[in-house]
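The structure appears below as structure tokens.
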Amino acid sequence: MATTALMGSAVGSAVAHPGADDSIAQDAAPCEQVRQARQNERGVRAATPAAAGQIDAVLITATGRKPIAGGKIVLTGFDACGDTIHRHMSTGANGQVSFRGLQPGRYQLTAYRNDSAARSITKADVDLATPSLKTIQFIAD
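For the sequence shown, my numbering gives the first residue as 46, with consecutive numbering after it.
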């Protein structure tokens, strides 16, 4: 079993998305717009001001800090609209994935060495309190 480490809960900075308000929208209109966009575009969220968050994940090796291509990152959680979110992506040649158009909310990222791995490398909890960008780095042995 590989030993892994999560380099901090968020590597880099968490800043407000340009052009977005730093507060969480409390009215139902942005949530309705996002739900409608999801229905209209087969689950793809529209980037509305209330859904301007982004979480990037990077999967690298412990030795050499080389990117791991073909890894799997799963994002789950609940957004500010109360919706359950479940997305998964495979890392590219640079070992990275980007989950865009996220509502503020509480999310968990789970990293796997490849698509068929039964055991995860590690997990990280991410809190998007405002529309922001957060980067998580997963290190696999």
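Each residue gets a CB set at the ideal place from its N, CA and C atoms; glycine is no exception.
Do residue j and residue i count as a contact pair if the criterion is CB distance below 7 Å?
i: Asp-172; j: Gln-153; result: no
i: Phe-144; j: Ile-100; result: yes
i: Lys-117; j: Ser-135; result: yes
i: Arg-158; j: Ala-185; result: yes
i: Arg-151; j: Gly-122; result: yes
i: Phe-183; j: Leu-120; result: no
Residue i: which of the options sits nearest, CA to CA?
i: Gly-115; options: Leu-178, Asn-139, Gly-146, Cys-76; result: Asn-139
i: Thr-167; options: Thr-106, Gly-137, Ala-97; result: Thr-106
i: Lys-179; options: Ser-165, Val-142, Asp-160, Arg-164; result: Val-142
My understanding is that residue i touches residue j, with C-beta atoms under 8 Å, so please give their C-beta distance in whole angstroms.
i: Ala-156; j: Ala-102; result: 7 Å
i: Leu-147; j: Gly-109; result: Wrong, their Cβ atoms sit about 31 Å apart, outside the cutoff.
Taking the continuous beta strand (DSSP E) assigned at residue i, which residues delimit it?
i: Thr-180; result: 178–185
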